[in-house]
Amino acid sequence: MAKVNVSLDAELVVEVMVLAGIGSPQDAVEAVVRDYIARGHRTETRTDHTDRGLREVDVKPQEPQG
């Protein structure tokens, strides 16, 4: 996998390390990024399921009213 170097504020990285309980700055920031991506995928899965359900309701013919 390709690597990217990013400059971050030291206080920000230290706070991430403390919150994540990880001693390496690289590992701490990587863990946060991976968690962010995983959370996004979980959200997509939940909203996609809801969207599909709503689309199925919209597609069904409605009973004549009156």
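Under UniProt numbering, think of the first position of the sequence shown as 1, with each following residue one higher. Every residue gets a Cβ at the ideal spot worked out from N, C-alpha and C, and that includes glycine.
Reduced DSSP secondary structure (H/G/I, E/B, other) of residue i
{"i": "residue 40", "result": "helix"}
{"i": "residue 25", "result": "helix"}
Run of the alpha helix (DSSP H) containing residue i, from where it starts to where it stops
{"i": "residue 20", "result": "10–20"}
Residue of the options minimising C-alpha distance to residue i
{"i": "residue 31", "options": "41, 46, 20", "result": "20"}
{"i": "residue 4", "options": "11, 29, 17, 23", "result": "29"}
CB of residue i within 7 Å of CB of residue j, strictly
{"i": "residue 25", "j": "residue 13", "result": "yes"}
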